[in-house]
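Colleague: Structure incoming, see below.
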């Protein structure tokens, strides 16, 4: 038997005479009831025509999963816009699995390297250490000999950094 499956716009309605051989789900939907119905109808040796590979899903894992379901049923799948797959659909299934697995591994590696390069849980710049002469400059600031800008210059930091350090000293 020969069947067809495709994704269509919501407004598209198939003629009733095609209902038993053409299965169509709406684009953009998260559920694919017609694909599931197709899986209950097809038998080993049947042929399924699909206009384009993207009609099986929006992501590589989704396409791989549906492809595997069809292969498990023993269905011959013809992707109409790629005639080269007709003779090698079994190899294509293995290729899809490999690509999907590689993509997952790459994503996991990128996440690990991203989090390790950011310093784990505390991303961003490391805090500056207090200069050796901070206590002397701090005393002068507290005694009114220096304002915050002059104290910052003496420590070779901005006045806001100096003020933050003084707040931290007051809390300690």
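In our numbering, the protein residues as written are 229 to 400. By construction, the Cβ of each residue, glycine as well, lies at the ideal position given by its N, Cα and C atoms.
1) Output yes if chain D places a C-beta closer than 7 Å to the C-beta of residue 259; else output no.
2) By Cβ distance, which residues of its chain are closer than 6 Å to residue 310, with the 5 residues on each side in sequence left out?
3) Helix, strand or coil, according to DSSP, for residue 283 in the structure here?
4) What residue ranges within the region 234-305 form continuous beta strand (DSSP E) runs of no fewer than 3 residues, ordered along the chain?
5) If I follow the unbroken alpha helix (DSSP H) through residue 310, where does it start and stop?
6) Using only the alpha-carbon positions, how far apart do residue 336 and residue 324 sit?
7) Do the CB positions of residue 488 and residue 276 come within less than 7 Å of each other?
8) Looking only at its own chain, which residues have a Cβ that is under 8 Å from the Cβ of residue 262, when we skip the five neighbours before and after it?
9) In terms of residues, what are the limits of the alpha helix (DSSP H) holding residue 377?
10) Between the C-alpha atoms of residue 289 and residue 362, what's the straight-line distance to the nearest angstrom?
11) Grouping DSSP H, G and I as helix and E and B as strand, with all else coil, what is residue 386?
12) Is residue 395 helix, strand or coil when you go by DSSP?
13) Count the other CB atoms within 10 Å of the CB of residue 360; is the residue buried (16 or more) or exposed (fewer)?
14) When the Cα atoms are used, what is the spatial distance from residue 302 to residue 319?
15) Given that a residue counts as buried once 16 or more other Cβ atoms are within 10 Å of its Cβ, and exposed if not, what is residue 241?
Modeller: With the structure as the only source:
1) Protein chain content of the structure displayed is limited to a single chain, and chain D is not contained in it.
2) If the five residues before and after residue 310 are omitted, its C-beta is found closer than 6 Å to no C-beta atom of its own chain.
3) Looking at residue 283 - three-state DSSP - the assignment turns out to be helix.
4) Along the length of the region 234-305, whole beta strand (DSSP E) runs at least 3 residues long occupy 250-254, 275-278, reported in chain order.
5) Bounds of any alpha helix (DSSP H) do not take in residue 310, whose DSSP letter is neither H nor E.
6) If I take the Cα positions, the gap works out to 18 Å.
7) Here the chain covers residues 229 to 400 and nothing more, so residue 488 does not appear.
8) Here the set comprises 233, 251, 252, 253.
9) Per DSSP, residue 377 is one residue of the alpha helix (DSSP H) stretching across 376-383.
10) The straight-line gap from Cα to Cα measures roughly 58 Å.
11) Taken through DSSP and simplified to helix, strand or coil, residue 386 comes out as coil.
12) Helix at residue 395.
13) It is exposed - the Cβ of residue 360 has fewer than 16 other Cβ atoms within 10 Å.
14) C-alpha separation (whole angstroms): 14 Å.
15) Residue 241 is exposed by the Cβ-count criterion.
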